[in-house]
Structures are given as C-alpha cells and as structure tokens.
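Residue numbers (my numbering), protein chains in the order written: chain R, 1 to 136; chain U, 137 to 195. First the structure, in the form of structure tokens, and then the observations on it.
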C-alpha cells in the first residue's frame, strides 16, 4: 500500500514542473510540444505538415502579414504569428515581403496563415496531453 | 516560384490540414487515420462540388 502511494506521489511529481512548456515549445517550433512528451510519430507528422505548408506558402510568394490598420491585415498577422519562430525567421530574412501580384501568391498567403492556425491547434493538443485532458 | 494549379493547391491544403485535424481531434492512431481521411475527402469533395456550383451559376 505504501509502495503504491509512493508511486502515485512520484507520478504526480513527474507531472509537475512547467505545465505550459509543451504549449510554448509547440508554438515556437511545430511538433516540439509532442516531442517533449515523447510522441515522436505524431510530432513528426505535425511538424512535417505545418513546416511544409509554411514553406510552400513562401515558395508561392505568399505574403507575410505585419499588421496594419486594415482588419484583414490584422487578422492575417494574428494567423501568421501562430507559426512561432518560423514567422520571425522568415520576417528577418525578408521573405514574404513582396506584394501579392499573382493568384498563386494569394494561395501562398492563405497557406501561411492556415499553417499558423494549425500550429496553434497542435500546440494546444500538446498542452492537453500534458495536463491529461486528452488521453495519450 | 512554386506555381501549383488551383486543384493541386486544394489537394495540398487538404492533405496538411487533414493530417493535423486527424492527429489532434482523435485519440487512437486508427481513429486518427479514419478522421484524417474523412476530413480530406470532405475538403476535396466540397471544393469539387462548390466549383461545379460556381461554374453553373456563372453560365
């Protein structure tokens, strides 16, 4: 009985620590939240999907939103921020700064925004796994 | 510059979004796969149906 209680206590201690780490890591780097929890296959699939979507968006000459007075620019910026570190790196490298001139570039802009939104979903999933709200 | 056709862009979009939806919305690998495939079919099917609707409206 005492052994079982000790195990439960040890398990709870393992669950303690910074609960939001998978959420923040998953936001900054796609799939990282799942990697931290040992979910390697899920993390790899999520990372591949989100990174590829973001990269293809840039390859299509999609626009990286930087905010602005227009509501659509602001919403696009919020969506883009979901990409975490990828957004900041791409912005620093000057990618996605060209104006949208062709239809494909418009698709690209949407790919980048949706990649950010999907990354937020993935990061929240990692948080739910961490807190036990979702079964592993 | 990567310039996919509209339909190729739909397929890519559906593939990536369905993968994330499948993994995050279900709990077991089998159910994840089934839900991902269901989302993919809905994305692509809806795009095809809406394309025909727009084509017929424009005539």
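Positions of the beta carbon are idealized from the N, C-alpha and C atoms, including for glycine. These numbers come from a predicted model, not from an experiment.
- Status (buried if at least 16 other CB within 10 Å, exposed otherwise) for residue 113(R): One-based indexing of the first chain puts residue 113(R) at position 113. Looking at its Cβ environment, which holds 16 or more other Cβ atoms inside 10 Å, residue 113(R) is buried.
- Query: Roughly how many whole angstroms lie between the Cα atoms of residue 35(R) and residue 67(R)?
  - Reply: For this step, residue 35(R) is matched to residue 35 along the first chain. For this step, residue 67(R) is matched to residue 67 along the first chain. Spanning the two alpha carbons is a distance of roughly 31 Å.
- Message: If contact is defined by three or more beta carbon pairs under 8 Å, each pair taking one atom from either stretch, is the stretch 91–100 of chain R in contact with the stretch 36–45 of chain R?
- Response: no
- Task: Quick one: list the residues of chain U neighbouring residue 61(R), beta-carbon separation under 7 Å, in chain order.
- Result: Translated into the one-based positions of the first chain, residue 61(R) becomes position 61. The answer, in chain order, is 137.
- Item | residue 140(U) versus residue 50(R): straight-line alpha-carbon distance, rounded | Counting from 1 along the second chain, the entry for residue 140(U) is found at position 4. Counting from 1 along the first chain, the entry for residue 50(R) is found at position 50. Straight-line Cα distance between these residues: approximately 18 Å.
- Query: So which residues of chain U does residue 113(R) contact, with C-beta pairs closer than 9 Å?
  - Reply: For the purposes of this step, residue 113(R) is identified with residue 113 of the first chain, where counting begins at 1. Those do not exist, as residue 113(R) stays about 11 Å from chain U at its closest Cβ, beyond 9 Å.
- Task: Report all residues from its chain with a CB closer than 7 Å to the CB of residue 73(R); omit the five preceding and five following residues, and keep chain order.
- Result: Stepping through the first chain from its first residue, residue 73(R) is reached at position 73. Closer than 7 Å at Cβ, skipping near neighbours: 65, 67.
- Say whether the stretch 89–98 of chain R touches the stretch 121–133 of chain R, bearing in mind that this needs 3 or more beta-carbon pairs closer than 8 Å, one atom from each stretch. no
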